[in-house]
Amino acid sequence: MAKKPKHKFGGSWTELKLAAISAYSQFFTGAIRSRFDLWYVDPFAGTGERVETEMAGGLLDGTPLTEIERTYPGSASRALTINPPFDHYRFGDMKPSHVKALEELCGKYPNKDAVVIAEDANAYIQKEFGSGRWTQNDFSSGTPRALVFLDPYGFEVRWETLQCLAECQKADVWFLANLGGVVRQVCHDHSKLDDSKRNALVRYFGTQDWESEFYEMKEGTDMFGDLFARTDRKATKEDVAAYHRRRLESLFTGYVSDPLPLAVGTMDDHFLLYCMSNNPSPKARALIKKGADWVIKKYKLASHQRSGL
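The sequence shown: position 288 = 287 (numbering that gives the first Met the number 0), numbered continuously.
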């Protein structure tokens, strides 16, 4: 019998992220399940659970200090246990071992419409949410609504994918923005910004304008009196975050939440978790904002406490 794959990633920030999504899922289904056909869509689901290595024992426990592995439920496992439940679940991953693990997880819930999508997340989202089910201009009772959790490993979420979700107007989108990763990509010395980094950020931001936003030309003379010109990064980490939020607001004109900052190492906002929606109903947007504000306030406090802020 083949061993179940171990999905090792994250840390305390991961638990906060997953707890926040679970809390909003509970709010989402509790608030509108009686009126709409509810979908949970998680195209970067991994294996459905995660394994973390921790230290146990020690002087205070009177036992040897040992390294142990603990298994925690991932986003898919948590979603399947939400009550009231969703009507449909779609989980995705490209790695065959992850797909198999997700299929085994879904098999434990035979009465739920839970399907695993072994496909590129961007292709799947654009195909699904570009279909008639989501693009019909019908917001009456019984029509579909989705909670979409975009939790990429890096910069995999393309701008066109967010655009598709914004245009359908029927999805509450929780998107994990990788601020720390972007800051690493945006070199201080413009000459070190190669095509690979440049193209990745164009796909991420959906425009080339970020380059002129983040850099400025400086002229001067060197120690020999010779003229020189160089381009240096003028954007701070905060500038980068603000620019990305403005880009998201240009798509989701209905609502973009304040982000939930998630600390990794010494960077207290390495990841920024946003809730976004283009629901055309002012009443619906007010409800979405109420739920997102509650979740972000609750877990922002927890994040600060864990990072020692």
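For every residue, glycine included, the Cβ atom is placed at its ideal position computed from N, Cα and C. Here the structure is a predicted model, which means the values were calculated and not measured.
As a quick exercise: from 286, 25, 239 and 73, pick the residue whose alpha carbon is nearest that of residue 43.
73
Which of the three DSSP states, helix, strand or coil, is assigned to residue 148?
strand
Answer yes or no: do residue 108 and residue 146 have a C-beta to C-beta separation smaller than 7 Å?
no
Please confirm whether residue 250 and residue 258 have their CB atoms less than 7 Å apart.
no
To the nearest angstrom, how far is it from the Cα of residue 181 to the Cα of residue 169?
29 Å
Rounded to whole angstroms, what is the Cα-Cα separation between residue 261 and residue 299?
8 Å
Let me make sure I understand the geometry here. Which of 133, 285 and 175 has the alpha-carbon closest to that of residue 247?
175
Three-pair Cβ contact test at 8 Å for the region 31 to 43 versus the region 84 to 96:
yes
Identify whether residue 230 lies in helix, strand or coil by the three-state DSSP scheme.
strand
Please report the straight-line C-alpha distance between residue 155 and residue 149, rounded to a whole angstrom.
10 Å
Same chain, Cβ closer than 6 Å to residue 22, neighbours up to 5 away in sequence not counted:
294
Got a sec, what are the start and stop residues for the beta strand (DSSP E) residue 81 sits in?
Where residue 81 is concerned, there is no enclosing beta strand (DSSP E), given that its DSSP letter is neither H nor E.
Limits of the unbroken alpha helix (DSSP H) element including residue 238:
236 to 250
When burial is assigned at 16 or more other CB atoms within 10 Å of the CB, is residue 191 buried or exposed?
exposed
So the alpha helix (DSSP H) residue 183 belongs to, where does it begin and stop?
178 to 184
As a quick exercise: from 245, 86 and 216, pick the residue whose alpha carbon is nearest that of residue 232.
216
Assign residue 47 to buried or exposed, taking buried as 16 or more other Cβ atoms, counted over all protein chains shown, within 10 Å of its Cβ.
buried
Euclidean distance between Cα positions of residue 266 and residue 189:
23 Å
Opening and closing residue of the beta strand (DSSP E) in which residue 39 lies
36 to 41
Per DSSP, the bridge partner or partners of residue 174:
149 and 273
Specify, as a first and last residue, the run of the beta strand (DSSP E) that residue 91 falls within.
87 to 91
Whole-angstrom distance between residue 98 and residue 54, CA atom to CA atom:
Only weak support is given to the placement of residue 54: the predicted model assigns it a pLDDT of 44, under 50, and the value that follows is read from those uncertain coordinates. For residue 54 and residue 98, the distance between alpha carbons rounds to 30 Å.
N- and C-terminal bounds of the beta strand (DSSP E) containing residue 208
Premise fails: residue 208 lies in the alpha helix (DSSP H), 208 to 213, not in any beta strand (DSSP E).
Closest by CA to residue 171, which one among 197, 288, 159 and 178?
288
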